[in-house]
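Everything on this sheet refers to the single structure shown next.
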Amino acid sequence: MLPLELIRRDPESVRSAAQRKGEDAPVDEILELDRRWREHLHAAETIKADQNRLSKEFAQTRDESLKGRLKEMAERARADLAQAEAVKRQLDDLLLRVPNIFDDSVPVGKTEADNVVVREWGSRPDLASPRTHYDLGESLGIMDFEHAARVSASRFAFLLGEGARLERALVQFMLDVHTREHGYLEVQPPVLVNSASMVGTANLPKFGADAFKIEDRDLWLVPTAEVPLTNYHRDEILDAESLPRKYVAYTPCFRSEAGAAGKDTRGFIRLHQFSKVELVKITDAETSMSEFEGLLADAEKILQRLGLHYQVMLMCSGDMGFAQYKKYDLNAWCPGLGRYLEVSSCSVFNDFQAMRANIRYRPSRGAPPRFAHTINGSGLALTRTIDAILETYQRPDGTIEVPEQLRPYLGGVDVIGKR
RNA sequence: GGAGAGGUGGCCGAGUGGUUGAAGGCGGCGGUCUCGAAAACCGUUAUGGGUCACUGGCCCAUCGAGAGUUCGAAUCUCUCCCUCUCCGCCA
């Protein structure tokens, strides 16, 4: 969230940032509630201070004649405090609904058409009549949507045989690169998290409908490993020397919104459950932007090693989302689909998430704590990486050549579907 | 899931209604001593918020969380969460 102090001091900039993101920011309501909160709080604290003084006197003198006044003061303080707290609750709830501001380098725009291609890597493979990954996957017997619909629902999938093994190989490969070469700590996090964690990463209160909730319990299926990884340090004060913290985790991700839009209904693209290797960094306020570029490069490295053509897209203000300060998408080319698929989304949040999750660090010994900065990105989404591989490395007979770097992870197999 | 024990400041650990935001110890920081260091000694050492005559002062809150009793709660009551031990169950 944004500091209340910022909204007091410069409501106009908060309002205009929200507007350029295509979001609403209840700035006026917040300012009014803030005024009322402080009014009640001040009244309550003034009485409470008097009461404390008199109560101390009573403790020493045992002068029973003070009791009437004390009782009355206690009641008044309680009433004022109750009002202050009620107003503060409303105020806090609204604060959680104010979108983040964004970096100067973010292009102002309304839709994805206003996003900017920052760079491209590789080139589109020259294929005669490329088939889609789901066509290939089903005919190879490594992807199965029909049985998934029977067992679960639409928007679920089975990976079978070499398909399942391909995902396992990719996971292994990605984790190895990120831990050995990029210095991330491998983590196996819980995939059920509580509401406070969902608030911490800004999945709540606004986007509860996008996630799956466990019935009768305060637990949510994670929409991304970002939630448990970022919230790992919730309510902590970290040593500056221990920053940046770098975590990588492979988890399933669960999203209930997938499907609502009626988009990407075919194929292994937009599912209620998908797998992802996720990168998270907790940094200080000074180095977050360079650490962000570093994380992006770490994710790109995977695509490069796999030999997949991709573009880096800088998201415009209107397309970047509620919480992000700056965001890049990595889009991998899928020849069969004839378009790019988003295989990674890398974001920096400034202190927006850290304020919600109360993640701080002490810049130096004795210095007051500051809010950390948080960064995350997919490194990469497994499902769509598989799509890009199948479509990029397909051969005329419908079999799939395994990318060089992946072969050791597939036990030396160099072609999928070979009989 | 059942039974029992327990959750206090960076850590250990006192504290069962009244100058207890919290003894004592450890650790950290500053100082005295020393050529320097160690030891010893002295001092200091939380977080959030409000407010003002604002590089400082005053005030409020915080002893797992929430609610309650009381003029007053770390201390009493209730609910919840978590940890530990034993049993059960399992991967």
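So the mapping is simple: our numbering equals the position in the first sequence, first residue as 1, plus 68. C-beta: ideal position from N, C-alpha, C; glycine also. Computed from a predicted structure; not experimentally measured.
Asked: Is the region 365–375 touching the region 157–171 in the sense that three or more CB pairs, one from each, lie closer than 8 Å?; Found: no
Asked: Check LYS349 in the structure and name its three-state DSSP category.; Found: strand
Asked: Which residue marks the beginning of the alpha helix (DSSP H) containing GLY177, and which one marks its end?; Found: Careful: GLY177 lies outside any alpha helix (DSSP H) and carries neither H nor E.
Asked: Using the three-state DSSP reduction, which class does LYS369 fall into: helix, strand or coil?; Found: helix
Asked: Return helix, strand or coil for PHE148, following the three-state DSSP convention.; Found: Note that residue 148 corresponds to Asp in the displayed sequence, not to Phe. In the structure shown, ASP148 sits in a helix (DSSP, three-state: H, G or I).
Asked: Which residue spans inside the region 246–276 form an unbroken alpha helix (DSSP H) run of at least 4?; Found: 263–268
Asked: For the alpha helix (DSSP H) holding TYR202, just list the boundary residues, first then last.; Found: 201–208
Asked: DSSP puts SER119 in a beta bridge; with which residues?; Found: The sequence given here has Gln at residue 119, not Ser. Its beta-bridge partners do not exist; DSSP assigns none.
Asked: Assuming LEU306 is part of the beta strand (DSSP E), what are its boundary residues?; Found: 304–307
Asked: Could you give the DSSP three-state label for PHE126: helix, strand or coil?; Found: helix
Asked: Where does the unbroken beta strand (DSSP E) through HIS441 begin, and where does it stop?; Found: 441–449
Asked: Taking 8 Å as the threshold, find out whether the region 313–327 comes into contact with the region 421–428 through three or more Cβ pairs.; Found: no
Asked: Compute the beta-carbon to beta-carbon distance between ILE98 and LEU162, rounded to the nearest angstrom, for a pair I have assumed lies under 8 Å.; Found: 5 Å
Asked: Please determine, among LEU474, TYR477, THR467 and GLU472, the residue with the shortest C-alpha to C-alpha distance to GLY9.; Found: The requested residue 9 is not part of the displayed model; the chain covers only 69 to 487.
Asked: Short of 7 Å in beta carbon distance, which residues of its chain neighbour VAL95, apart from the five on each side in sequence? Order them along the chain.; Found: ILE75, PRO79, VAL82 and ARG83
Asked: Report buried or exposed for GLY231, applying the criterion of at least 16 other Cβ atoms within 10 angstroms of its Cβ.; Found: buried
Asked: Confirm, please, whether the CB-CB distance from TYR393 to VAL380 is below 8 Å.; Found: no
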